[in-house]
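Our numbering runs 10 ahead of the 1-based position in the sequence shown.
Where a beta carbon is used, it is the ideal one built from N, C-alpha and C, also for glycine.
Encoded as C-alpha cells, the structure appears first; notes follow it.
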Amino acid sequence: MGKTRLVEWTVQRAVERGFLTAVGRCSQDDGAPPLWPWHAVLDSLDSGAFELDSGGQTEESRAFELQDALARTVLQKATDGPVLVVLEDLHWADTASLRALAHLVANTAGERLMILTTRRRWPQPAGVLADLGVTLARHAAEHIELSGLDPGEARSLLETVAAGISPDHVDAWYERTGGNPFFLIELARLSDPSQEVPASVQQVVARRLEQLPEATRELLLVSAALGREHSLLTLALATGQAPQDIDEDLDAARQTGIIRDDGDGRLAFEHALTRDAVVRSYSRSRVARVHARIAHALESADAGGPDDRTFELAHHWLAAGPVHADRAWRAAGTAAQQARRSFAHTEAIDLLVAAITAHRLDPRATTAERYDLLVDLATVASLAARWDLVLTSAREAVAIARASDDPERVARAAAELTRSSVWTSQEYETVDEDLVDDLRAALARSGGQDSATRCTLMLALSCQLYYAPGTHAEIDALVDEGMAMARRLDDPALLQWAARTASLAIWRSDRLDERQMLAAEEVTAARRHGDELGAAIGLVTMATNAIELGERAAYEEYSRRAAAIARRRRLYFAEFVLDFMDLNLAAMRGDADDVAGLSGRMREIHSGATLLASEFVEFGINYSVGLWDPDVADGLAGLVGPLLEGPSAKFALDAAFQILARSHHAEELGSLLDRHRLPPVQHDWGTVHTAAARAEIAHELDDPVLAAQAAQWLRRYSGRIALSGSSVVLGPADGYLAMAEATVGNGAAATTAADRALTLASAWGLTRYTDWLLGQRQRAGF
C-alpha cells in the first residue's frame, strides 16, 4: 500500500470509529513559516484560540513554552474524545515542527491520541529528525516500511484516473513503476502516450540528480545505460574504475533513493521509470557515446575470456547511434541467431528488424548482407506467426536476388514463404504479380537439369499461382514435376519442403487423398534429417486432413503429436490452427470449459501474431462458437451488416450469411443477399465449407436454385466433414446435403444423407450438431 493510500485509509477508518482527525503536511518550500504543518492540525482540531506567539525571556524558553502549549492543546482535545493527528512528509519538516512532535510524544500517557507520521525512506534521518526517531522508538512506535501498490491496488488507482484503461497498459506501467502511486498516476495522465517519461516525473528525478556530486551523476548515466539492474563489476568494467571507488561514489545516490543494492553485488534503480528519467536527462548523442563506450569495454573483456555478452553487445551497439551502424547490425544478427537457438522467436525478430534498420545506415553495407538478414527474418517470423514480416522480407530478398541474376538465391528466399506455413502463403484471392514474374524469370534461368534450385522455383511458383484464375492445370503440372524432381534428388530437407509446398499448392477438396500422402511424406522426410519443427507442420496438415476425412482416431493422434512439439518449440502458428479446429469440435460437443479455454488461448496467440486474414480472426472465433450457441449467434447476427461493408466482406460472405440463417433472420438475410450476390463456389480450400453454408442459407430462404447448386458440390464429398481450410469445422457435410436435398424436394435423398450425418456425428461425439440436425429434420420433415 502506498503512503497516500495508507493515510487516506487510516483517516477514513478513524472517522468511522468516531475519531477527531487532523492532517498537517510539511512543505518543501523554503519560504514556509516554522510550525507550518501544525497550523493545519490546530485548525482541524478547532483550536483557533491557541496563540503560536509566546512571551518567554529567552529564545530557548519561548520555543519550549510554544511546544508545551501546543502539546497541551492537542492532549486537551484527546480528553474529549479520540484524536488522530497525521503529519506527512517529515523529511521536509522544519526543526520547530519536529521538536514540537517529539515533545507531544514524550508527554502522551494514556490519552486517547493516535499519531501517524510519514517520511521518505531516503535519505536516512539525521539531526533533529534522527532524534525524533529515537523518541518514537522509546515510546514503542510502530515502524511500517511501505512498498509500492500491489497489482490489484495499482489497477484500482489507475481506473480512477483513466477509465477503461487497457489491462496491458496497467501491467506495463506497473512493471515500470514498481507500484509507485505517483509514477502510476503520472503515466496514466500522459496526454501523449508515446512520451516515455512524464514531465512531472522527469522534474522530480532531475531535482534529485542536481543534489548529487558530479562523479555520482556520471556513474548513474553509465548505470542507466547498462539497464535497470546490473552488477557493480559490470559498471566498473564499463567505466574503467575500481569497484570500491564506484561503490563509495554511489552512496549519495543510494541516500536519495535512486538506486539500491539488490544483493550479490548487484545494483538496481528503484523504479524502471527512474532509470528512464536518468537517461532522458542527457542528450541523445551523450547517451549514444556512453553506449559505445560500454560496448567497447564489453568486447575487450570478452576477448580475454569465455564470458558471453552477445545480447548486451547487440543492445549497446544498436544504441550507440549511426556512427557505429556497421558494428550494430552485425552484433544484432549474431544475437538473433543465439535467440533462435533458444526458441526465443519474438526476441530474434526484434533483433533482426533492428539489424536491418542499422544495415541501411552502414555506408559499406552490401546487398548480399541485406539479403541474408532478410531471409533470416522471414524464417524466424514464420515460426512466430508474424506473416506480415514473412511476406515483406521474403519478397524483398527475392527482388534483390533477381536483380543480381541469381536463381539459387531467388529460390532460397521464396522457399521461406511456405516453410512453416499451414495456410496459403498469400492473402485471400491475392496474386503478387511481381513475385510471380520474379519466380518465372528465375525458373527460366535455372537450367534444364535436376537441381534443388529448379525444384524449389517450380513449387514456389505453383503456390503463388493458387489464386490466379485458370491456372489449375499449370499448378498441377508444376507440382507433379517438382515433386518428381525432389524424389529423384532424394535430399530429405528438400523433399520435406517440397511436400509441404505442394500440399499447399493443390489445397483443393478433390485432391484430399493426395494431400494426405504428401503430408505423410513430409513428416517422414523431416524425421530423416532431424527437423522436429518440419515434422510438427506435417502432422498439423495430417490432422487437418483427418478431420475432413472424418477419421476421429487419426485426427486425435496426429493433433496430439503435433501439439506436443508445437508447444515445446513455441511454434505459434501450428498451435493456433490446432486450437481453432479443437474449438469448433468443442463447440459442437457443447463443452463450455474447452470453448472458453481454447478461445482465450487463441486470442492470446493472435495478439502477438499477424496471421493471414488477421482481421477476420475475432469474427471467426465467434462464428465457430455461435453456430452452436444461440445466444452468441444472435449477438453476432447484429454485426453482419457492418462486417459486409468492411475489407473482409468477400472473405466472410458465406460465414456471415450462414449466421443469419442459423439465427433465422430470413428477412435480413434476403435483403443482404440482394446487395451482396454470392459468387460461384470455387475449387479451393473452402469448397465443402462454402457449399455447406449455402445449403443452410438456401434451406432458410427456401431457395431451390441455391440449394441445387450447393447439393451438386456436397454430393461429391458425402461422408466427409465440412471444413474451411484448417480452421472452421461445420460437422458432417451430409447434414447440410440433407437440407439442400429437402429444399429441392428430394425427400428420400435428404433422409439418407441425414442418417449418414448423424452416424458420423455420433462417432465424433458432436451432440450439439446432432441436436441441431434433428431439429432441422423435424422442422422440414425429412
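Here's the rule I'm using: 16 or more other beta-carbon atoms within 10 Å means buried, otherwise exposed. How should residue i be labelled?
| i | result |
| --- | --- |
| Leu784 | exposed |
| Gln722 | exposed |
| Asp641 | exposed |
| Ala302 | buried |
| Arg613 | exposed |
| Trp19 | exposed |
| Ile304 | buried |
| Ile154 | exposed |
| Gln254 | exposed |
| Glu558 | buried |
| Arg337 | buried |
| Pro223 | exposed |
| Val385 | buried |
| Lys660 | exposed |
| Pro43 | exposed |
| Gly618 | exposed |
| Gly332 | Before going further, note that residue 332 is Pro rather than Gly in the sequence given. So Pro332 ends up on the exposed side. |
| His699 | buried |
Rounded to whole angstroms, what is the Cα-Cα separation between residue i and residue j?
| i | j | result |
| --- | --- | --- |
| Arg778 | Ser472 | 40 Å |
| Leu393 | Arg350 | 10 Å |
| Ala764 | Gln719 | 18 Å |
| Asp684 | Glu628 | 26 Å |
| Ala81 | Pro177 | 49 Å |
| Ala596 | Val408 | 42 Å |
| Arg571 | Val605 | 21 Å |
| Asp398 | Ala404 | 10 Å |
| Gly28 | Val17 | 17 Å |
| Arg23 | Val33 | 14 Å |
| Ala665 | Tyr633 | 7 Å |
| Ser201 | Gln347 | Annotation note: pLDDT 48 at Ser201 (below 50); position unreliable, no value reported. |
| Ala106 | His325 | 52 Å |
| Val297 | Ala584 | 42 Å |
| Ala335 | Thr466 | 34 Å |
| Tyr568 | Leu362 | 33 Å |
| Gly755 | Pro742 | 21 Å |
| Leu236 | Pro161 | 27 Å |
| Val25 | Ala110 | 25 Å |
| Arg812 | Leu100 | This structure gives no information on residue 812, because the portion of the chain shown stretches from 11 to 792. |
| Gly65 | Asp104 | Only weak support is given to the placement of Gly65: the predicted model assigns it a pLDDT of 49, under 50, and the value that follows is read from those uncertain coordinates. For Gly65 and Asp104, the distance between alpha carbons rounds to 21 Å. |
Assuming residue i contacts residue j (C-beta within less than 8 Å), just tell me the rounded distance between them.
| i | j | result |
| --- | --- | --- |
| Ile631 | Leu593 | 7 Å |
| Met527 | Gly492 | So it is not a contact: roughly 15 Å between Cβ atoms. |
| Val96 | Leu126 | 5 Å |
| Leu76 | Ala112 | Not really, about 13 Å apart at Cβ, beyond 8 Å. |
| Ala748 | Ala767 | 6 Å |
| Arg270 | Glu258 | About 16 Å; that fails the 8 Å criterion. |
| Tyr381 | Ile410 | 5 Å |
| Val489 | Val550 | About 20 Å; that fails the 8 Å criterion. |
Nearest CA to the CA of residue i: which residue from the options?
| i | options | result |
| --- | --- | --- |
| Gly648 | Ser634, Ala545, Leu670, Asp664 | Leu670 |
| Glu677 | Gly696, Gly651, Ala702, Ala662 | Gly651 |
| Gln668 | Asp261, Arg704, Ala452, His301 | Arg704 |
| Trp868 | Gln212, Gly137, Glu75 | Residue numbering for the chain in the displayed model covers 11 to 792; residue 868 lies beyond these limits and cannot be assessed. |
| Ala752 | Ser728, Leu770, Gly791, Ala508 | Gly791 |
| Ile256 | Ser233, Asp447, Ala216, His699 | Ser233 |
| Leu608 | Ser624, Ser414, Leu328, Phe590 | Phe590 |
| Gly600 | Gly775, Ala487, Ala743, Arg510 | Gly775 |
| Gly680 | Leu711, Ala702, His693, Leu688 | Leu711 |
| Met798 | Ile707, Ala462, Arg510 | Here the chain has residues from 11 to 792 only, and residue 798 is not among them. |
| Leu283 | Ala209, Glu220, Ala79 | Ala209 |
| Gly757 | Arg787, His482, Asp416 | Arg787 |
| Gly735 | Gly696, Gly610, Ala702, Leu30 | Gly696 |
| Gly540 | Gln506, Glu418, Ala395 | Gln506 |
| Leu653 | Asp644, Leu663, Glu98 | Leu663 |
| Gly480 | Trp46, Leu453, Val441, Val288 | Val441 |
| Ile359 | Thr389, Asp56, Ala330 | Thr389 |
Where DSSP assigns a beta bridge to residue i, which residues make up the other side?
| i | result |
| --- | --- |
| Met124 | Leu94 |
| Ala239 | The question names Ala, but residue 239 in the sequence shown is Glu. According to DSSP, Glu239 bridges with Ala278. |
| Ser734 | Val738 |
| Ile269 | Phe279 |
| Leu30 | Val93 |
| Thr620 | Arg396 |
| Arg35 | Glu98 |
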